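At position 12 of the sequence shown the residue is numbered 12 (the working numbering), and the sequence of numbers has no breaks.
In this text, a Cβ means the ideal position worked out from N, Cα and C, and glycines have one as well.
Since the structure is predicted, the reported quantities are computational estimates derived from the model, not experimental observations.
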Amino acid sequence: MALATRTDKRPSLPRMVWDSTVGKKTVMAVSGLIMLLYLVAHMIGNLKVFFGPGDFNHYAHWLRTLGAPVMRWEWTLWVIRFGLVAAVVAHAVSAYQLSRRDIKARPSKYVHSKPRSSYATRTMRWGGIILGLFIVWHILDLTTGTVHPGEYEHLHPYQNVIDTFSTWYGNVIYITAVVALGFHVRHGFWSAAQTLGVGNAARDRFLKTCANGLALLLTVGFVSVPVGVMTGVVS
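Take a look at the structure:
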């Protein structure tokens, strides 16, 4: 009689890591830190708008020539874009699946709920949704020009920024998203530190100070651009 063959296969290590709660939290933390590094660099680049159209437009051109002559026109920029898309998708999917797993684990509400934990959870959830919608609008506005309010000028981002923030709705959408970003970073940075094992009782105060400082820095830095346009400092 022929020996019975086993048809069941053990899942691969990456699959096992992804299926675990710890694995999903790690993916969420690492992808969040990647996006945070990008946001800091993006904010610094945005502040060049205060130096006038020459500096700002030159910065936009420089981004497209990164890595030259090894990398051709916009190749490095597209690598960065694909990397960011991967980070955003990984972050969103892991956050959604962790949220669903948490709901299934406790189908009924606790008798004694934790207001602070509930507030942080709601802030992260709705902040993530707001930021996801904003990313789509931001790309359609200043990258493709699809919903741009003025005459979109390719490789002339200075004028495009002026056009966007010369409209009331452009300012409302942008500032709302930036405030949501500040709250998201404030809670997310500290949570990522705990997930990656950096945080402990001795470092909690320092990490929370860093989280607050980063959130404030990014909020003020990004909001300063529309405020600059509205006040005529950038024109």
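Within 8 Å, strictly: CB atoms of residue i and residue j
| i | j | result |
| --- | --- | --- |
| T176 | G170 | no |
| K48 | S94 | no |
Status (buried if at least 16 other CB within 10 Å, exposed otherwise) for residue i
| i | result |
| --- | --- |
| L196 | exposed |
| L140 | exposed |
| T146 | exposed |
| Y96 | exposed |
| V229 | buried |
| A219 | In the sequence as presented, Ala is not what sits at residue 219; that position holds Thr. Its Cβ being crowded by 16 or more others within 10 Å, T219 is buried. |
| I103 | exposed |
| M16 | exposed |
Collapsed DSSP secondary structure at residue i in the structure displayed
| i | result |
| --- | --- |
| P149 | coil |
| G67 | coil |
| W18 | helix |
| W73 | coil |
| V89 | helix |
| R100 | helix |
| T231 | coil |
| S12 | coil |
| G127 | helix |
| G52 | coil |
Residue i beta carbon near the ligand ADP (any heavy atom closer than 7 Å)
| i | result |
| --- | --- |
| A87 | The ligand content of the structure shown is nil, which means the ligand ADP is not present either. |
Practice item. Identify every run of the beta strand (DSSP E) within the region 136-215, keeping only runs that are complete inside it and at least 3 residues long; order them along the chain. Key: Whole beta strand (DSSP E) segments, 3+ residues: zero.
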